[in-house]
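Novice:
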Amino acid sequence: MGDGSGTNESKNEPLVFKVGSLVAFDGFNYTPDFVMMDERHGAIGVVLSCYRDGMMYRYDMYTVYWFKLAKISNEPVEHLKLVSL
Numbered sequence: 051m052g053d054g055s056g057t058n059e060s061k062n063e064p065l066v067f068k069v070g071s072l073v074a075f076d077g078f079n080y081t082p083d084f085v086m087m088d089e090r091h092g093a094i095g096v097v098l099s100c101y102r103d104g105m106m107y108r109y110d111m112y113t114v115y116w117f118k119l120a121k122i123s124n125e126p127v128e129h130l131k132l133v134s135l
């Protein structure tokens, strides 16, 4: 498990993102036949909260506010990338 410092950007280890972290949406919907990009593709947002979800709390989830879309969504860690300034 990561130390929560945000130093391991490339691996996106669990709990890398803290509340207030600037993130980009890096996920997509995949089927064996094609990839579907959604409205969040490439969007920039800020992490509002972090929590564990799923059976036995195995999945790290983040509540993110997307600036351009003016929406809030819950995202798994695999769909987010830390933005470095």
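Numbers 51 to 135, taken from the numbering used here, label the letters of the sequence shown in order. Cβ atoms here follow ideal geometry from the backbone N, Cα and C, with glycine treated the same way.
1. In chain order, what residues of the same chain lie with their CB nearer than 6 Å to the CB of Thr113, ignoring the 5 residues before and after it?
2. For Val127, is the classification buried or exposed, using 16 other Cβ atoms within 10 angstroms of its Cβ as the cut-off for buried?
3. Measure from the alpha carbon of Gly92 to the alpha carbon of each residue in Arg102, Asp83 and Gly77, then state which is nearest.
4. I need the straight-line Cα distance from Met111 to Asp83, nearest angstrom please.
5. Between the Cα of Arg90 and the Cα atoms of Val66, Asp103 and Trp116, which residue gives the shortest distance?
Specialist: So, to answer that:
1. In the sequence shown, residue 113 corresponds to position 63, counting from 1. For Thr113, where only same-chain residues beyond five positions count, the Cβ hits under 6 Å are Leu98, Ser99 and Asn124.
2. Taking the first residue of the sequence shown as 1, we reach residue 127 at position 77. When all chains shown are included, Val127 counts as buried.
3. For the purposes of this step, residue 92 is taken as the residue at position 42 of the sequence shown. Measuring from the Cα of Gly92, the nearest candidate turns out to be Gly77.
4. For this step, residue 111 is matched to residue 61 along the sequence shown. For this step, residue 83 is matched to residue 33 along the sequence shown. If I take the Cα positions, the gap works out to 27 Å.
5. Here residue 90 refers to the residue found at position 40 when the sequence shown is read from its first residue. For the residues Val66, Asp103 and Trp116, the minimum Cα distance to Arg90 belongs to Trp116.
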